[in-house]
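What follows is one structure encoded as structure tokens, with my remarks underneath.
Protein chains in written order, with my numbering: chain A, 3 to 520; chain B, 3 to 520.
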């Protein structure tokens, strides 16, 4: 929308044009979140040193398994002690390696207005990814298609607090596994001009993502610009596998940032205790972060993790528990101690529908990760059922909650303080502020008004159909999709991307497994 | 339950007795929460001084209306400037008065094991009060009875993280208004032996509460022991009324703590801006806190408030918004600056059912008030529909969430650190911890396992009836009520209380209004 055009005489001005504006969801993105709230830091310097020492001892004495011959060769050349597939490290070596990781990253979007920073006090929100099911616009739980994925990319594009369209928010089950990374990457690029993520299902797939980024951004651009984020998961305790490491190399060689994410099921693959679990996770993250610098010194990399605790009753992963909040606080301190940007997970949870459980779990984690100072806040919209489905309704609510969290993290605003104190004197005891000039000028920006939460009376709510938040969110999603405008790709770039995909789909057999190094 | 009796030979011992224990909800209470997490303090010393100065200027220049001849006389005698019903204060006078408020309070319960501290880093959770409707054990929304109130007092009694049975959690609509305070107080005393709250619907009603406390605790006990907490609400901006002030005096004269709570509808009765709204609220709270010390120097008193922001769309109060979190952080700093314990509200929200909105709103506020360091955390269970109903299901979920928040606020546990590091060495890369001795010894206390949240697979959840969290919570409430054991009152005390109530019910006409000074 061209804002200036509404003032031209041949357009309907005044009230009708304002009404029109109110109807439209203009897809503007909130800039990089620069938190001004003090962070929650439960460890003092000695305790940070104690975790660091424990992690370094694990790296020195226990070691980490790299199930990948290339990585083992790399480590051997780099001077680590390699015993079979077990690698042991000197702490000085680890410290020296991670010291070349940049403290902050500028992540470039194809629309330069959507370029964003992370690291230090800079943060961004990224929607969930990886769901094998979705709850759709009718809240039906079913297998997703590429069209469904496109829908989520559109919703991410239009949600102001989401700074990325991510990648496979849902798995496009209507496409063969070995071709999916191509379709997913194209969908991220096509339906949004925000930043996005790249598939790390194998080294070869990672290289395809790099090639497609070359087409989108131009040859040579990646060398000096981070444009796509990958994720690799560890097999805790203390194992990294070939698929993940191959994908990591594809990204890191091209100077693209990778999240180095141990996968914690607290109590199952870590000790049953929060503080020592962090010591193990920290050792795991450091080993992968160090490896990024073996592959390419100075390449951006992000301290990551997936955090859950395990229910002793069912063996299921839990979210929104006090220990996850505490671990987030601690890990934030460790990442800042090493001077590396860090990724956490946001609105994780195990509910099967967008019920109150989902709300409690998600909001608890959102508050915790903001207070922990996370930089790359992944899984920020749509996650439910332990990641088994992405819910359209929850995507909408989560995205709005991120906007609210964003506002909180911005901290206090003092710019109208004296003016507002004058209003207090004007109104005096027993008055009300609704008509005061300060109120009229400041109300819209003063208090966040969530669109998806109903605060009307019970009677009015009943008269309007007694809709629950799921119904309201789905209605809002339909409205947004009706009003979606595609941020068009340059025709030549679009054609080149489609040519690339067509060629690779011819080259890659449809029946290759997901983890083949294609 | 007598824990020792399970070891006697005539009881079934071993596994069967353990199974029996697991079935029972033993009504043990978590002790005073002593938070070890660092608090969220967004203001530096200069900013705190700026709020303080602004509030003191309001008290000096604008003044506060006390719509109560007794209070006006008291202020005149105390040396304040009284102009009609407007009172203006010197800041030195205010500072001098509030300096005699104790920084911490020990709140005594009739069961000494349930006595609790608040103030400084000590906190307690108190259920909601004041709902004119309930959502009952069938989730039906209807008018409450005295039996319903008793049910909530029982549930509060059995919820470990709730430290009080409060007072009129729901309004007992089957009793005439002028008699309710008697029935409510008796119900709080009878069904729970935790601390409780006292009705402040008038000065005379407050005196009835004091008389009943004399019966429960013995004559003279109140003089040196805080046993019951009252609440008075201001009419913001800058007005206190006769009903509230009369009730306050009834409590304060008997050395019982009162929450001095401005009632903030941000943007309607305060400026439309968080920081100046806090300056006004702070002035209001200080004026009432100071008055407690005019009534009785050294009496305990609590900095209070009810906080909402107003939707510009509907005029309705909102909860869980970023500005409410920010105001909580600020108010915590101000209360600590003055050295006065402070009360906040916890799980406020506007949802009509226990849907996801209720979950997001409640969890956001729970996290914010814990991070803000609130001492008397009121409305911690059951609140929904902007306080219009108390929900049994939400009461259960909120109470469990408080237990989770309690665990988080306790902070990190380092006592098993070295032992757990040994486990990491034992297990090594690629193993799992489930069978390790450290895991078996520590699991139960390591990770909080919420009873009311479902983390099973979708298929198992479906097979078990696809229950949502509301159904699970109501089922748990029924189970708890089946297992409830009344903490019996001494027969003579019980008779004396019933005699008192009978006499007062004869004395007080049924058709007297709620706010008559009876």
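Positions of the beta carbon are idealized from the N, C-alpha and C atoms, including for glycine.
- Of the other Cβ atoms in all chains shown, fewer than 16 fall within 10 Å of the Cβ of residue 223 of chain A; this residue is therefore exposed.
- Between residue 274 of chain B and chain A, the shortest Cβ-Cβ separation is below 8 Å.
- Taking 8 Å as the CB threshold, residue 423 of chain B lines the interface with chain A.
- Burial state of residue 417 of chain A is exposed, judged by a 10 Å Cβ sphere holding fewer than 16 other Cβ atoms.
- Listed along the chain, the chain A residues whose CB falls inside 8 Å of the CB of residue 50 of chain B amount to none; the nearest CB is some 12 Å away.
- When Cβ pairs closer than 8 Å are counted between the two stretches, the segment 337 to 353 of chain B is seen to touch the segment 378 to 389 of chain B, the count reaching three or more.
- When DSSP states are grouped into helix, strand and coil, residue 127 of chain B belongs to the strand group.
- About 18 Å separates the Cβ atoms of residue 284 of chain B and residue 250 of chain B, ruling out a contact at the 8 Å cut-off.
- Cβ neighbours of residue 122 of chain A within its own chain (closer than 7 Å, five residues either side excluded): 105 and 106.
- Taking 8 Å as the threshold, the shortest C-beta distance from residue 308 of chain B to chain A does not fall below it.
- Boundaries of the beta strand (DSSP E) harbouring residue 235 of chain B: 230 to 235, taken from the DSSP string.
- When Cβ-Cβ separations below 8 Å define contact, residue 335 of chain B makes no contact with chain A.
- Counted as a single uninterrupted DSSP element, the stretch harbouring residue 90 of chain A is not any alpha helix (DSSP H) but the beta strand (DSSP E) occupying residues 88 to 90.
- With its beta carbon less than 8 Å from one in chain A, residue 237 of chain B belongs to the interface.
- Excluding sequence positions up to five before and after residue 301 of chain A, its CB lies within less than 6 Å of the CB of 254, 257 and 294, all in the same chain and listed in chain order.
- By the neighbour-count criterion, in which 16 or more other beta carbons inside 10 Å mark a residue as buried, residue 142 of chain B falls on the exposed side.
- Unbroken beta strand (DSSP E) stretches of 3 residues or longer found wholly inside the segment 316 to 370 of chain B: 345 to 347, given in chain order.
- Rounded to the nearest whole angstrom, the C-alpha separation of residue 245 of chain A and residue 238 of chain A is 15 Å.
- From the beta-carbon of residue 348 of chain B, no residue of chain A is found nearer than 9 Å; the closest lies around 13 Å away.
- Counting of Cβ neighbours within 10 angstroms places residue 145 of chain A among the exposed residues, the total staying below 16.
- Contact annotation: in the segment 354 to 387 of chain B, residues whose CB is within less than 8 Å of a CB in chain A are 354, 355, 356, 357, 358, 359, 360, 361, 362, 363, 364, 365, 366, 368, 369, 370, 373 and 387.
- Taken atom to atom, the span from the alpha-carbon of residue 133 of chain B to that of residue 179 of chain B is near 14 Å.
- Using a C-beta cut-off of 8 Å, the segment 68 to 83 of chain B makes no contact with the segment 71 to 83 of chain A, since fewer than three inter-stretch Cβ pairs fall below that distance.
- The segment 258 to 275 of chain A makes no contact with the segment 87 to 94 of chain A; the number of CB pairs closer than 8 Å stays below 3.
- Across the structure, residue 310 of chain B and residue 241 of chain A are spaced so that their CA atoms are roughly 49 Å apart.
- In the DSSP assignment, residue 243 of chain B falls within the beta strand (DSSP E) that extends over 241 to 243.
- Neighbours of residue 34 of chain A in chain B, taken as residues at a C-beta separation under 9 Å, are lacking, since the least C-beta distance is about 18 Å.
- Taking the beta carbon of residue 293 of chain A as reference, no residue of chain B falls within 7 Å; the closest one sits roughly 15 Å away.
- Boundaries of the alpha helix (DSSP H) around residue 477 of chain B: 471 to 485.
- Look at residue 86 of chain A: its C-beta is not under 8 Å from any C-beta on chain B.
- Boundaries for residue 34 of chain B: no beta strand (DSSP E) harbours it, and the DSSP string shows neither H nor E there.
- Residues of the same chain with a CB within less than 8 Å of the CB of residue 328 of chain B, apart from the 5 flanking positions on each side, are 44 and 276 in chain order.
- A Cβ-Cβ distance of about 7 Å is found for the pair residue 68 of chain A and residue 247 of chain A, placing them in contact under the 8 Å criterion.
- Here residue 263 of chain A is bridged, per DSSP, to A/235.
- By the beta-carbon neighbour count (other beta carbons within 10 angstroms, threshold 16), residue 484 of chain A is exposed.
- At least one C-beta of chain B is nearer than 8 Å to the C-beta of residue 328 of chain A.
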